[in-house]
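Here the protein sequences come in this chain order: A and B.
Sequential numbering of the first sequence, starting at 0, is according to numbering that gives the first Met the number 0.
Sequential numbering of the second sequence, starting at 0, is according to numbering that gives the first Met the number 0.
Every residue, glycine too, gets a C-beta built ideally from N, C-alpha and C.
Below: one structure, written as structure tokens.
There are 2 protein chains.
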Amino acid sequence: MRRFVIVGHRASTTGDFKLDDICGGAGRLDVLIRCINSSFFLSHSLRRDVEAYLILQGGDDAPKTLRFKGDELRYLNPDERSTASLMRNALLKKLSDSEIKASPGIYVSRRGLRDVLSSLSESGEIVYLKEEGEDIRRTELPEDIVFVLGDDRDLSEEEEQALKEHADRSLCLGPISYHSDHCITIAHNEMDRRV
Amino acid sequence: MRRFVIVGHRASTTGDFKLDDICGGAGRLDVLIRCINSSFFLSHSLRRDVEAYLILQGGDDAPKTLRFKGDELRYLNPDERSTASLMRNALLKKLSDSEIKASPGIYVSRRGLRDVLSSLSESGEIVYLKEEGEDIRRTELPEDIVFVLGDDRDLSEEEEQALKEHADRSLCLGPISYHSDHCITIAHNEMDRRV
């Protein structure tokens, strides 16, 4: 299974944002929404064998993690506004210590990056998508793989340190630095060609 | 220069849509907006050597073409809503026979697909992005190239016919059928690797 972990450095955890203001008030939630789009959407279908984790680190209730599970997802549409609405709904749920289901295929929990990485350490190789990595086209890619990347900001030193405890490799996607959602599209394309 | 021509089969030409309803009332304008995003955005910069043509065929004032010119673009943000607003602004302009500038880097005209293809016939090789084409990774790609693709619908037979007058080749991007904006990201990545 392919998994994507995207760190939203200032993304809202409280759900008190307006759907018209997902770039500003919601802490660049738009970036994460586009990552969900590229993680799951195919022409006329969804990728069912994919999971995406959004690590939300902004607002007064940080951290929270939204987990999107491809084989259960419903009501996901490709436009940003409707995905923002699903995410807001999840963030407004009352949370205890365990992960809860907010809507079909969307789960919310109080986990941060370290917790998520630990929980995925047996789920496949964890790799860091980063400009200075090995070329993704010239390396082996296991079928079970976890790609970790930042939003519009790179991972902080502390986050990189946490990641290095689990990831031995950084992979790069080309000679240019891309938006996170574009990175996911390119990584998927490379994996699709290996199947 | 790289150019992208995307056919919006029912995309609004009148500009009388709401920014909250770009999927419905605006005739899947959301698809075209995402194509603009992937045509131009890089991490922390814009691709200046790119042009994108959106052929709008919906509504009472069809056809219209919006041309986005990378080296002049300003006020373009990656979120869908703000790009929708720039496009609506362009569609509300009073048009005569010639192309007019709606805002920096965004032009609007009464041209349809045939007119646009004719105008580009000297601008580089015109290729059709299509599932049944040659693998883009295993073929020569000129530096000056025009990629033509549909929105969430394939080109109609009539549109394919018009395209075949200009395009000798169809290129495919992988073993799976992708969303149009994802196609643009993958095509860019391949071209970036050839530079």
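Counting only runs that start and end inside the segment 49-115 of chain A, the beta strand (DSSP E) elements of at least 3 residues fall at 49-55, 63-68, 99-102, 105-108.
Residue 26 of chain A sits close to residue 58 of chain A, with the two beta carbons spaced by under 8 Å.
Bounds of the alpha helix (DSSP H) holding residue 30 of chain B are 28-39. Out of B:139, B:111, B:60, the CA that lies nearest to the CA of residue 186 of chain B is found in B:139.
By DSSP's assignment, residue 171 of chain B forms a beta bridge with B:134. DSSP places residue 10 of chain A in the coil class of the three-state scheme, outside both helix and strand. Taking 8 Å as the Cβ-Cβ cut-off, the segment 35-46 of chain A approaches chain B at 36, 37, 40, 41, 42, 43, given in chain order. In the three-state reduction of the DSSP assignment, residue 21 of chain B falls in the coil class. For the segment 128-153 of chain A, the set of residues with a beta-carbon nearer than 7 Å to any beta-carbon of chain B is empty. Annotation: the continuous alpha helix (DSSP H) that includes residue 162 of chain A extends over 156-163. Secondary structure of residue 122 of chain B (DSSP, three-state): coil. Excluding sequence positions up to five before and after residue 32 of chain B, its CB lies within less than 8 Å of the CB of 21, 79, 82, 83, 86, all in the same chain and listed in chain order. A buried status is given to residue 177 of chain B, since no fewer than 16 other beta-carbon atoms sit within 10 Å of its beta-carbon.
Ranked by how close their Cα comes to the Cα of residue 131 of chain B, the residues B:181, B:180, B:175 have B:175 in first place. Within its own chain, the residues whose Cβ lies closer than 8 Å to the Cβ of residue 161 of chain A, once the five positions on either side in sequence are excluded, are 112, 113, 116, listed in chain order. Under a criterion of Cβ atoms nearer than 7 Å, the residues of chain B adjacent to residue 79 of chain A are, in order, 78, 79. Going by DSSP, residue 152 of chain B is part of no alpha helix (DSSP H) at all; its letter is neither H nor E. CA-CA distance, residue 89 of chain B to residue 54 of chain B, rounds to 13 Å. Within the segment 154-179 of chain A, 172, 173, 174, 175, 176, 177, 178 place their CB atoms closer than 8 Å to a CB of chain B, listed in sequence order. Across the set B:128, B:39, B:37, the C-alpha of B:128 shows the shortest separation from the C-alpha of residue 148 of chain B. For residue 29 of chain A, a Cβ of chain B is located within less than 8 Å of the residue's own Cβ. In the structure shown, residue 42 of chain A falls within a coil segment according to DSSP collapsed to helix, strand and coil. DSSP, read as helix, strand or coil, puts residue 2 of chain A in strand.
Linking residue 141 of chain B to residue 189 of chain B through their CA atoms gives a straight-line distance of about 12 Å.
Neighbours of residue 192 of chain B in chain A, taken as residues at a C-beta separation under 7 Å, are given in chain order as 173, 174. Taking CB atoms only, residue 8 of chain B has no neighbour in chain A less than 8 Å away.
Chain A has a Cβ within less than 8 Å of the Cβ of residue 19 of chain B. In chain order, 99, 101, 107 place their CB closer than 8 Å to the CB of residue 92 of chain B, counting only its own chain and leaving out the 5 sequence neighbours on each side. Using a Cβ-Cβ cut-off of 7 Å, residue 5 of chain B is close to nothing in chain A; its nearest Cβ partner there is about 14 Å away. In terms of Cβ geometry, residue 179 of chain A and residue 5 of chain A form a close pair [threshold 8 Å]. The Cβ-Cβ distance between residue 123 of chain B and residue 47 of chain B does not fall below 8 Å. Cβ-Cβ distances below 8 Å link residue 18 of chain A to 80, 83, 84, 87 in the same chain, with the five nearest sequence neighbours on each side left out; the list follows chain order. Contact annotation: residue 165 of chain B and residue 120 of chain B have beta-carbon atoms nearer than 8 Å. Nothing from the segment 85-112 of chain A brings a Cβ to less than 8 Å from some Cβ of chain B. A distance below 6 Å between beta-carbons, with the five flanking residues on each side excluded, links residue 135 of chain A to the following residues of its chain, in chain order: 170, 172, 189.
Nearest Cα to residue 125 of chain A within the set A:145, A:110, A:94: A:145.
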